[in-house]
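Protein sequences appear in the order of chains S and H.
In terms of numbering that gives the first Met the number 0, the first sequence opens at residue 0 and continues consecutively.
In terms of numbering that gives the first Met the number 0, the second sequence opens at residue 0 and continues consecutively.
Yeah, the Cβ is synthetic: ideal placement off N, Cα and C, and Gly gets one too.
What follows is a set of notes on a single structure, which appears directly below.
There are 2 protein chains.
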Amino acid sequence: MNIRFYNARILTMKDNEDIFEGELVVRDNRIEYIGTTPMESELSYDREIDCKGNLLMPGFKDAHTHSGMTAFRSLADDLNLQDWLNNEIFPREAKMTDDDCYKLTRLAVLEYLTSGITAVEDMYLTPDSIGRAFNDMGMRAEIVSGLNKFGPTVEVLEERYNELNGKYPLVGFKMGVHAEYTCDKDLLIRVSELIHKYKAPLYVHMSETKQEVEECIDRYGMTPVAFFDSLGLFDFGGVIYHGVWTTIEDMIILKNRNISVVSNPASNAKLASGIAPISEYLKRGIPVALGTDGPSSNNALDMFREMYLVTALAKLKEMDPTAVPAEEVLKMATVNGSLTLEHKDTDVLDKGKLADIIMIDLHQPNMQPILNIPKNIVYSGSKINIKMTMIDGKILYENGEFIGVDADEIYRDAEKIMERLK
Amino acid sequence: MNIRFYNARILTMKDNEDIFEGELVVRDNRIEYIGTTPMESELSYDREIDCKGNLLMPGFKDAHTHSGMTAFRSLADDLNLQDWLNNEIFPREAKMTDDDCYKLTRLAVLEYLTSGITAVEDMYLTPDSIGRAFNDMGMRAEIVSGLNKFGPTVEVLEERYNELNGKYPLVGFKMGVHAEYTCDKDLLIRVSELIHKYKAPLYVHMSETKQEVEECIDRYGMTPVAFFDSLGLFDFGGVIYHGVWTTIEDMIILKNRNISVVSNPASNAKLASGIAPISEYLKRGIPVALGTDGPSSNNALDMFREMYLVTALAKLKEMDPTAVPAEEVLKMATVNGSLTLEHKDTDVLDKGKLADIIMIDLHQPNMQPILNIPKNIVYSGSKINIKMTMIDGKILYENGEFIGVDADEIYRDAEKIMERLK
């Protein structure tokens, strides 16, 4: 499909490039042209879309989520973590099948699309069926291994790494472990060997709660960041999810080892985990991306919520209303997300880049008057402003409708699964 | 207009009443019937609406806002309070006319409607033109005087109280002062006399920032709450906006004097003011309602944001994920809002109550699966879920469209005003 967008405002997210009025052409799954005037070419278009002054920008990247947990949305809120996990989540997860995860991931994708999310970094139970779900839905994703001492094995991790990278066109697979507190040292040493064999970055939940850090210090005399670094697990870079309770020494390691932090402010607030030191990361040049975390802890899959919270909570933490300005937040939600996904071609809008594009509806009262669009998006934006979500050149959501998929069927599937898991 | 809603889920918000499936009939501007079976009557309907299982509930009440500040949305974010006020806001407000406030308030109303807000408590520059704007737009509102030492006078306040109460059918007027720090003691004493003359509750910004409280103690040896109480300003009850930095002694006064607190969590976070002690208020039986504050400090007029934040921030403040459960939050956004507005007939859905009703779209991925609707609304809800907003029996917003008003014209008016105020 070749699609021409005209009468658009365009925010490329390229460094120091302001919003301009112009046109954008998608040829198959890539951007063929961006400019202030119509493209001069013989290309014939399957569709020409009048943007009516609305904004085209790169899609948001949800850099940490557990999509299959849509099953547990609103099942167990306002509970202590241990009650939540042990009484509500674990017994149900034990009953979940590959097919359940496939169907529940499809439900999550619908919600990502309504929020302008065009790629996710997902960690959940059944990598193959989850990868298939993303691919079938047209969603770009990286599946991250959540290996821990309860399963699977390092051998299975290596197999999946080789098998799932390339199996589904839109989906990749990353080496990861669940967290320090769910892995024995021996297991981590074996993962480190694998990391070195493949020169692969490592993905892990880390320093999410104060208790987690304190218990790691009790066990190993080191913070989780220092402990993982001592095992060589960060030798090829990687990503830590949460990073709420890192120390200054941790940050020096993160910076030296080329580690990014994915912040999940809504989840960290709702679970009372704390507020991440975002300004400190920015000051030190540690890239910060944004994630929703799973729909059981957040509970929405909504990048507008995360964008607002990451700056509002930083302002509160530092008692400084100038902390983490909106422009920085937009970069976290787009460019830095692509960095953690290692998706070099989805970070900005430019000729040759993949066509992962959203249209922001500026003809809504929350975007008026149009004085500063980046600040409008971060401080006033909502799912109501997502007029279109395109992934890999395909429009999957437009004017409130899902294209080529029966949402009601997906809702019914989820209800049926929940009846069984009750 | 007589309207029948069928195939609905209904959340009346009456104490201890669960959501049920049924029908609701609106006759002119009041609720004629609610029940699980069709109404038996001869009433003929102008419209019969198949709710398809979506939820009817009382509209949200935005109990503290400055609607005319839509002009300043995204004009001056990420700034210190003094820079913001002195360099950006005050010079522009000095140039604003009655007609500007009329038009900018209309813009705010559009946004309220997209968020399911059916009544607001508004404090801004030109009470009469603002009241007219609300009434013309079909919005229920209480205009709250923001009297301070720069204007107007106590005489004007009394005149407005008598004139504006009753002038516009949907709009009332409340006695209020801007804040302790913008009023001299003599002025406050005169306001207290007026309060006593009319036996009227008082509305005021109070204990929003730590600095404000400290400076009041320096001036009068008392917190703002204690100082106002000592002048008799709370003798007939009232409402304090913000209440972030109240002491235990303050809370005892609030409870004894029948004062409600309107919390504005988004504004308090974005401006780095702090987190209000919500659980403590609830424990002591002090009613808490929710407000957006103005679109220059928030920046959205979005009750979903406030609902999420009031509980998420309480959880963070107390490091307790069980703090301020969702059901309590829904009560703040509806019943308690009506209490602060003194709108006895908009608090719950019941026969004879005013028809200020919203329909929540449950056929959206963020509401699925349907395990717990109150928690879904508070933890996952978004403007995308507002399928209909009805005020005083009139549908003003439905399926993303504003009824009987040209939104683009209102946007153009706001842009023109901003060009002049630049």
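- Residues ALA325, GLU326, LEU329 of the same chain have their beta carbon placed closer than 7 Å to that of PRO373(H), with the five preceding and five following residues left out of the count.
- Here ALA406(H) is near LEU109(H), since their CB atoms are less than 8 Å apart.
- Secondary structure within the segment 153-212 of chain S: the alpha helix (DSSP H) runs of 4 or more consecutive residues, fully enclosed, are 153-163, 184-197 (chain order).
- Linking ILE48(S) to TYR378(S) through their CA atoms gives a straight-line distance of about 28 Å.
- Following the DSSP letters along the chain, one finds ILE129(S) in no beta strand (DSSP E) but inside the alpha helix (DSSP H) bounded by residues 126-136.
- Straight through space, the alpha carbons of ASN1(H) and ASP45(H) are spaced by roughly 5 Å.
- Relative to the Cα of MET136(S), the nearest Cα in the group PRO294(S), LEU186(S), PRO168(S) belongs to PRO168(S).
- The beta carbon of VAL212(H) sits closer than 7 Å to those of SER206, THR222, PRO223, TRP244, all from its chain and outside the five residues before and after it, given in chain order.
- If one requires a minimum length of 3 residues, the beta strand (DSSP E) runs lying completely within the segment 32-109 of chain H are 46-49, 54-57, 59-64, in chain order.
- Fully enclosed beta strand (DSSP E) runs of no fewer than 3 residues occupy 287-289 of the segment 267-336 of chain S, in order along the chain.
- Residue environment: TYR123(S) is assigned as buried (16 or more neighbouring CB atoms within 10 Å of its CB, all protein chains considered).
- DSSP, read as helix, strand or coil, puts PHE19(S) in strand.
- When C-beta distances to chain S are compared with 9 Å, every residue of the segment 158-176 of chain H stays at or above that value.
- If you ignore the 5 residues before and after PRO286(H), its C-beta comes within less than 7 Å of the C-beta of SER259, ASN335, LEU338, all in its own chain and listed in chain order.
- Of the candidates MET56(S), VAL24(S), ASP14(S), LEU42(S), the residue whose Cα lies closest to the Cα of MET358(S) is MET56(S).
- Between the C-alpha atoms of ASN375(H) and SER295(S) there is a straight-line separation of about 11 Å.
- Residue contact with chain S for LYS102(H): absent (no Cβ-Cβ distance below 8 Å to any residue of chain S).
- Under the DSSP definition of a beta bridge, SER262(H) partners with LEU289(H).
- Within the model, the alpha-carbon separation for VAL155(S) versus LEU300(H) is close to 50 Å.
- Contacts between ILE274(H) and chain S, judged by CB atoms closer than 8 Å, involve LEU315 in chain order.
- Membership of TYR378(S) in any alpha helix (DSSP H) is not indicated, and neither H nor E is assigned to it by DSSP.
- Straight across, the Cα-Cα distance linking GLU120(S) with ASP355(S) is about 15 Å.
- In this structure, SER262(S) lies near LEU289(S), with their beta-carbon atoms less than 8 Å apart.
- Ranked by Cα distance from ALA118(H), the first of LYS166(H), ARG256(H), PRO264(H), THR64(H) is THR64(H).
- Within chain H, not a single residue places a beta-carbon under 9 Å from that of TYR5(S); the smallest gap is close to 19 Å.
- By the beta-carbon neighbour count (other beta carbons within 10 angstroms, threshold 16), GLN367(H) is buried.
- Here the segment 343-351 of chain H makes no contact with the segment 171-182 of chain H; the two share fewer than three CB pairs at distances below 8 Å.
- Per DSSP, the continuous alpha helix (DSSP H) segment holding ASN255(H) begins and ends at 247-255.
- The Cβ atoms of ASN6(H) and LYS386(H) do not sit closer than 8 Å to each other.
- Straight across, the Cα-Cα distance linking SER278(S) with MET38(H) is about 59 Å.
- A direct Cα-to-Cα measurement between ILE383(H) and GLU22(S) gives close to 28 Å.
- A residue is called buried when at least 16 other Cβ atoms come within 10 angstroms of its Cβ; ASP185(S) does not meet this threshold and is exposed.
- In terms of Cβ geometry, LEU106(H) and ILE409(H) form a close pair [threshold 8 Å].
- In the structure shown, ASN384(S) adopts helical secondary structure according to DSSP, grouped into three states.
- Beyond the five residues adjoining it in sequence on each side, SER43(H) comes within less than 8 Å, by CB distance, of ASN1 in the same chain, given in chain order.
- Closest by C-alpha distance to GLY145(S), out of ALA275(S), LYS415(S), TYR240(S), GLY34(S), is TYR240(S).
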